[in-house]
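K.L.:
Got a structure for you, questions after.
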Amino acid sequence: DAGVTQSPTHLIKTRGQHVTLRCSPISGHKSVSWYQQVLGQGPQFIFQYYEKEERGRGNFPDRFSARQFPNYSSELNVNALLLGDSALYLCASSRLGTGYTGELFFGEGSRLTVL
Amino acid sequence: AQSVTQLDSQVPVFEEAPVELRCNYSSSVSVYLFWYVQYPNQGLQLLLKYLSGSTLVKGINGFEAEFNKSQTSFHLRKPSVHISDTAEYFCAVSEGGGGADGLTFGKGTHLIIQP
Chain A
273 DAGVTQSPTH LIKTRGQHVT LRCSPISGHK SVSWYQQVLG QGPQFIFQYY EKEERGRGNF
333 PDRFSARQFP NYSSELNVNA LLLGDSALYL CASSRLGTGY TGELFFGEGS RLTVL
Chain B
4 AQSVTQLDSQ VPVFEEAPVE LRCNYSSSVS VYLFWYVQYP NQGLQLLLKY LSGSTLVKGI
64 NGFEAEFNKS QTSFHLRKPS VHISDTAEYF CAVSEGGGGA DGLTFGKGTH LIIQP
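Listed below in structure tokens is the structure:
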């Protein structure tokens with residue numbers, strides 16, 4: 273079975289632009305989470321979606337938004353990009369929603385550079 | 004709120020020597036604990052997890068970790084390391100509850116294996 277797939281793998285944007293990152297979960301997984309990993313730091317939680325509904329949100333500004341589609345794939349959108357948004361954006365999927373234990377399966381990430 | 008402290012940002016070890024990577028957490032409730040590994044330019048891979056039961060947990064690639072509730076620690080160990088173990092290691096905690104708060108990661112420990 274295919275793992276979590278993310279696109280694009282790398283992208284460069286300029287300040288003020290908008291970006292959309294995409295994620296396809298492992299087949300059978302209904303939950304998708306997004307994490308931001310700044311260079312030299314651990315991943316930070318942005319969103320969790322389960323069954324197409326937002327179930328959790330980290331401490332990120334409203335410029336960050338996401339959605340989950342009927343096929344359980346997901347998009348992360350970031351508006352009005354800042355230099356500080358440069359990071360590796362990781363998508364993770366899991367099988368569980370309620371009774372969630374935290375075990376996540378990660379994609380290889382989308383590396384965003386903001387100039 | 005939960006937090007994770009990885010006490011060492013870098014750990015150099017000679018090949019075939021034992022290693023311990025330290026992790027302490029703080030949380031006001033029962034937690035689930037994880038160790039993830041990240042190889043260069045890749046996503047995160049689960050090494051092992053503690054959900055409940057035995058405090059000694061065995062994972063992939065010969066790694067194990069011990070949950071110590073009184074010390075609020077979850078240190079990762081391997082009796083004999085190999086060059087291929089060179090990677091970034093992240094300790095993470097989840098308070099469960101449907102995953103609304105996601106996983107909280109430490110800043111990571113870079114394990115450097117010296118020949």
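Chains A and B, in that order, are what the protein sequence lines are. The first sequence: position 14 = 286 (our numbering), numbered continuously. The second sequence: position 64 = 67 (our numbering), numbered continuously. Even for Gly, the Cβ is constructed at its ideal location relative to N, Cα and C.
DSSP on residue 381 of chain A, reduced to helix/strand/coil?
P.N.:
Residue state, collapsed to three classes: coil.
K.L.:
Leaving out the 5 sequence neighbours to the left and right, which residues in its chain are closer than 8 Å to residue 14 of chain B when beta-carbon positions are compared?
P.N.:
22, 24, 112, 113, 114 and 115, listed in sequence order.
K.L.:
What number of angstroms, rounded off, separates the C-alpha of residue 48 of chain B from the C-alpha of residue 82 of chain B?
P.N.:
Straight-line Cα distance between these residues: approximately 20 Å.
K.L.:
Can you give me, in chain order, the residues of the region 41-56 of chain B that have a beta carbon less than 8 Å from any beta carbon in chain A?
P.N.:
So the list reads 44, 45, 46, 47, 48, 49, 52 and 54, given in the order they occur along the chain.
K.L.:
With residue 362 of chain A as the anchor, note down where its beta strand (DSSP E) starts and where it stops.
P.N.:
Note, residue 362 of chain A: beta strand (DSSP E), 359-366.
K.L.:
List the whole-angstrom C-beta distance separating residue 90 of chain B from residue 41 of chain B, where the pair is believed to meet the contact cut-off of C-beta under 8 Å.
P.N.:
Indeed they touch by this definition, with Cβ atoms about 6 Å apart.
K.L.:
If the cut is a Cβ gap below 7 Å, which residues of chain B does residue 308 of chain A touch?
P.N.:
The premise fails here: residue 308 of chain A is roughly 11 Å from chain B at the closest Cβ pair, so nothing lies under 7 Å.
K.L.:
Counting Cβ pairs, one atom from each stretch, are 3 or more of them under 8 Å apart for the region 313-325 of chain A and the region 289-301 of chain A?
P.N.:
Short answer: they don't touch.
K.L.:
Please report the straight-line C-alpha distance between residue 101 of chain B and residue 66 of chain B, rounded to a whole angstrom.
P.N.:
Its pLDDT being 49, under 50, residue 101 of chain B is placed unreliably in this model, and the value from its coordinates should be taken loosely. Going by the C-alpha atoms only, they are around 28 Å apart.
K.L.:
Could you tell me which uninterrupted beta strand (DSSP E) segments, each at least 3 residues in length, are contained entirely in the region 59-115 of chain B, listed from first to last along the chain?
P.N.:
Segments of the beta strand (DSSP E) lying fully in the region 59-115 of chain B: 59-61, 67-71, 76-81 and 90-97.
K.L.:
Would residue 305 of chain A pass as an interface residue toward chain B - the criterion being a Cβ-Cβ separation below 8 Å?
P.N.:
Judged by the 8 Å Cβ criterion, residue 305 of chain A is in contact with chain B.
K.L.:
Between the alpha carbons of residue 97 of chain B and residue 9 of chain B, how many angstroms are there, rounded?
P.N.:
Cα to Cα, the separation comes out at about 16 Å.
K.L.:
Just to confirm before moving on: does the CB-CB distance between residue 381 of chain A and residue 277 of chain A stay below 8 Å?
P.N.:
Cβ atoms of residue 381 of chain A and residue 277 of chain A: not closer than 8 Å.
K.L.:
Return helix, strand or coil for residue 356 of chain A, following the three-state DSSP convention.
P.N.:
If DSSP states are grouped into helix, strand and coil, residue 356 of chain A belongs with the helices.
K.L.:
For residue 76 of chain B and residue 60 of chain B, I'd like the C-alpha separation in whole angstroms.
P.N.:
One C-alpha to the other measures close to 13 Å.
K.L.:
Give the straight-line distance between the Cα atoms of residue 388 of chain A and residue 118 of chain B, rounded to the nearest whole angstrom.
P.N.:
No answer is possible for residue 388 of chain A: the residues shown for chain A start at 273 and end at 387.
K.L.:
Would you mind reading off the limits of the beta strand (DSSP E) that contains residue 329 of chain A?
P.N.:
Run containing residue 329 of chain A: 325-329, per the beta strand (DSSP E) assignment.
K.L.:
Closer than 8 Å, CB to CB, is residue 279 of chain A near chain B or not?
P.N.:
Chain B, which has no Cβ nearer than 8 Å to the Cβ of residue 279 of chain A, makes this no.
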